[in-house]
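One structure is given here, and the rest of the page talks about it.
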Amino acid sequence: MKVKRSRSESIPGCIPMYRTNLGEAYCGSAEVLLAALPDSSIDLILTSPPFALRKKKEYGNVEPEMYVDWFHQFAVHFHRVLKNDGSLVIHIGGSWERGRPTRSLYQYRLLLDLCEPKADRPNFYLAQEFFWFNPAKLPSPAEWVTIQRIRCKDAVDPIWWLSKTPSPKADNRRVLVPYGQAMRKLLRNGYNSGPRPSGWVISKVYGRDNGGAIPPNLLSISNTDSNSAYLKGCRANGLRPHPARYPTSLAKFFIDLLTKPGDLVLDPFGGSNATGEAAEEAGRRWLCFEMRKDYLEGSKYRFFPLEVETDTLAEPVG
4 MKVKRSRSES IPGCIPMYRT NLGEAYCGSA EVLLAALPDS SIDLILTSPP FALRKKKEYG
64 NVEPEMYVDW FHQFAVHFHR VLKNDGSLVI HIGGSWERGR PTRSLYQYRL LLDLCEPKAD
124 RPNFYLAQEF FWFNPAKLPS PAEWVTIQRI RCKDAVDPIW WLSKTPSPKA DNRRVLVPYG
184 QAMRKLLRNG YNSGPRPSGW VISKVYGRDN GGAIPPNLLS ISNTDSNSAY LKGCRANGLR
244 PHPARYPTSL AKFFIDLLTK PGDLVLDPFG GSNATGEAAE EAGRRWLCFE MRKDYLEGSK
304 YRFFPLEVET DTLAEPVG
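Here is the structure:
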């Protein structure tokens with residue numbers, strides 16, 4: 004079976020490496036591909052860009068001191084291509100300063116740069132900050148955590164939810180979680196409304212069953228994928244999996260919260276295209292941009308069986 008090729012590409016003049024019923028994956032420079040997108044065409048940009056790590060990774064990363072300037076070239080396009088009610092969600096892990104057990108502030112400098120008003124470019128709003136807790140993360144950095152034992156395991160990454168306006172499209176009813184035991188008991192037996200010693204006033208509507216609880220902005224999701232179709236496809240074809248994948252369930256949370264079926268989701272630093280897989284499962288259209296052809300070759304096994312031919316893939320753009 005051959006890789007599906009688009010009959011009407013979303014980006015004029017660019018041929019996707021592969022396509023599905025809902026999405027297209029392009030190999031090339033994110034800046035070049037972003038420049039080709041129409042204004043106000045994207046409902047959600049959901050991405051995990053290369054982090055500003057001191058230790059160089061095979062997928063490429065930028066020094067913390069240069070990170071804000073490096074990101075600026077993409078941020079201008081992000082603001083332009085997003086719809087007015089659209090959102091930009093950035094998963095961006097932390098970094099340690101070279102040679103000492105103190106943290107870099109690069110993520111916070113980036114957040115301020117994106118959100119503080121500037122005369123030369125439009126700014127984003129911080130809709131809400133989220134934090135991804137990965138219980139399965141290994142103890143790191145080893146020097147400070149497992150050797151000198153002077154720091155604790157670094158297992159939480161910030162996720163910035165940004166928007167073009169103060170009121171982006173969102174609905175937390177699409178991401179409700181099961182009620183806990185105490186809440187189920189309360190719904191069965193009832194409760195006393197009114198003021199509490201803390202100063203909160205609990206209204207009568209609190210006892211209404213809404214089908215689930217509103218989730219907190221701390222997302223506890225283990226990243227333990229070891230036998231997915233993606234990994235099987237990479238192993239069978241001698242391809243190295245992307246070393247910094249986030250789980251599709253993390254992407255799906257934000258896709259469900261911030262978009263509706265048929266909306267268009269973009270990941271400009273696609274990597275293994277976990278965002279595309281989550282969008283496909285949720286019934287959203289998607290676009291994936293990735294510089295490295297080998298990563299994108301492996302990503303197609305999220306959508307196609309192992310016998311997909313690789314010799315039909317398009318050449319990189321830009």
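Here this note's numbering = 1-based position in the sequence shown + 3. Note that beta-carbon positions come from the ideal geometry of N, C-alpha and C, so glycine has one too. Note that this is a predicted model, so its numbers are computed, not measured.
query	result
Residues near R48 by beta carbon distance below 6 Å, same chain, minus five either side	As written in the sequence, residue 48 is Ile, which differs from the Arg given in the question. If we look at I48 and ignore the five residues flanking it on each side, its Cβ neighbours are F81, L91, L269.
Cα-Cα separation between R238 and E119, rounded to whole angstroms	45 Å
Among G286, I93, R103, P244, nearest to K303 - alpha-carbon criterion	P244
Reference L141; option with closest CA among K156, L129, I150, A130	K156
Nonlocal neighbours in the same chain, by C-beta distance under 7 Å from I14, ignoring five residues either side	Y29, L36, A39, L40
Distance CB(L261)-CB(K172) smaller than 8 Å	yes
K255 classed as buried or exposed, judged by whether at least 16 other C-beta atoms fall within 10 angstroms	buried
Between the CA atoms of F306 and S275 - distance to the nearest angstrom	11 Å
Among T50, N24, S43, the one whose alpha carbon lies nearest that of F292	T50
Proximity of I217 and L253 at Cβ, strictly below 8 Å	no
Boundaries (first-last residue) of the beta strand (DSSP E) holding E146	Careful: E146 lies outside any beta strand (DSSP E) and carries neither H nor E.
Proximity to V148 [Cα-Cα], best of L179, L234, R103, G265	R103
Bounding residues of the beta strand (DSSP E) (the contiguous stretch that carries L91)	85-94
Distance, M294 Cα to S32 Cα	6 Å
Bounding residues of the alpha helix (DSSP H) (the contiguous stretch that carries Q131)	From DSSP, Q131 is part of no alpha helix (DSSP H) but of the beta strand (DSSP E) over 128-136.
Per-residue DSSP class, three states only, for C155	coil
Nonlocal neighbours in the same chain, by C-beta distance under 8 Å from P181, ignoring five residues either side	G215, A216
Residue from A285, W289, G265, P264 with nearest C-alpha to P271	W289
Beta-ladder partner(s) of Y29, from DSSP	F292
C-alpha gap between P19 and E283, whole angstroms	16 Å
Among D266, F136, L117, S143, the one whose alpha carbon lies nearest that of T105	S143
Burial state of I150 (16 or more Cβ within 10 Å)	exposed
For I258 and G273, the rounded distance between their alpha carbons	15 Å
Bridge partners - A216, DSSP secondary structure assignment	V180
As assigned by DSSP and simplified to three states, the class of W163	strand
Inter-residue spacing [alpha-carbon to alpha-carbon] between L221 and N175	14 Å
C-beta atoms of L117 and A78 nearer than 8 Å	yes
Contact set for Y109: own chain, Cβ-Cβ below 7 Å, skip 5 residues either direction	A55, P67, Y70, S98
Own chain, CB closer than 6 Å to P138, minus 5 neighbours either side, in chain order	S225
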